[in-house]
Amino acid sequence: RKEVEQDPGPFNVPEGATVAFNCTYSNSASQSFFWYRQDCRKEPKLLMSVYSSGNEDGRFTAQLNRASQYISLLIRDSKLSDSATYLCVVPPPSGNTGKLIFGQGTTLQVKP
Amino acid sequence: DAGVTQSPTHLIKTRGQQVTLRCSPKSGHDTVSWYQQALGQGPQFIFQYYEEEERQRGNFPDRFSGHQFPNYSSELNVNALLLGDSALYLCASSLAGGAKEKLFFGSGTQLSVL
Numbered sequence: 004r005k006e007v008e009q010d011p012g013p014f015n016v017p018e019g020a021t022v023a024f025n026c027t028y029s030n031s032a033s034q035s036f037f038w039y040r041q042d043c044r045k046e047p048k049l050l051m052s053v054y055s056s057g058n059e060d061g062r063f064t065a066q067l068n069r070a071s072q073y074i075s076l077l078i079r080d081s082k083l084s085d086s087a088t089y090l091c092v093v094p095p096p097s098g099n100t101g102k103l104i105f106g107q108g109t110t111l112q113v114k115p
Numbered sequence: 004d005a006g007v008t009q010s011p012t013h014l015i016k017t018r019g020q021q022v023t024l025r026c027s028p029k030s031g032h033d034t035v036s037w038y039q040q041a042l043g044q045g046p047q048f049i050f051q052y053y054e055e056e057e058r059q060r061g062n063f064p065d066r067f068s069g070h071q072f073p074n075y076s077s078e079l080n081v082n083a084l085l086l087g088d089s090a091l092y093l094c095a096s097s098l099a100g101g102a103k104e105k106l107f108f109g110s111g112t113q114l115s116v117l
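Read top to bottom, the protein sequences are chains A and B.
For the first sequence, the positions run 4 to 115 when the numbering used here is used.
For the second sequence, the positions run 4 to 117 when the numbering used here is used.
Rendered as structure tokens:
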């Protein structure tokens, strides 16, 4: 089983739609989780951090289910500018900052 | 305040050649990590440098080596290039002991091996 798994998509949705991505992780000891956004072949940028059950930032909501070992990202009222690849990231439970374990990424395409 | 800078932005090499990629961390950061991102995949951790030493290493062969200089900048070297080494190489900087989300990525070097 991969350490972090995501459905690669692509997800094609109309503007204004609500879309959700799921991510599963294998290490039950993991404590923190992140969603990164990556535009076409550019650097990943941190979108949200998830430390407890969830986190909300405007149209974006991340939820954590420790029992089932998955995290989700919900995007409400999708905008054209939300089109990107969303990477699920699970740092190892121990160790320092630099090593992150990325999922394959889920591609979102928002259409007019 | 400059962020993480990488050079070159694009590079074309042929099989068997050697390549060196460079990274300058964000001001105030002392740790540099390197990632390889193949097309359609997420970034894969190569290794991390702190205090001029390799501290952690991912599942990459010895053909991949690195160096960190006293000014915290870093180089990634890949010897005997293979077609499969074609990827976006990302450098990320952080401060040792800092929060895990305080990791900043450079815009990457796109390496094509022909």
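The C-beta atom is built at its ideal place from N, Cα and C for all residues, glycine as well.
Nearest to P11/B by C-alpha distance, out of G69/B, L91/B, Q20/B, is L91/B.
Taking a Cβ-Cβ cut-off of 8 Å, the neighbours of K102/A in chain B comprise S36, F48, Q51, Q59, G61, given in sequence order. Cβ contact annotation for A32/A (same chain, cutoff 8 Å, sequence separation greater than five): P96, in chain order.
Contact between P28/B and E55/B is ruled out by a C-beta separation of about 13 Å, above the 8 Å threshold. The straight-line gap separating the alpha-carbon atoms of R58/B and I49/B is approximately 11 Å.
Collapsing the DSSP output to three states places S84/A in a helix.
DSSP places G69/B in the strand class (E or B) of the three-state scheme.
Under DSSP, L90/A takes part in a beta bridge, and its partners are Y39/A. At a Cβ-Cβ threshold of 8 Å, F107/B and V7/B count as neighbours. One finds nothing in chain A with a Cβ atom closer than 9 Å to the Cβ of G69/B; even the nearest lies about 12 Å away. Residue state for L86/B is assigned as helix, using DSSP reduced to three classes.
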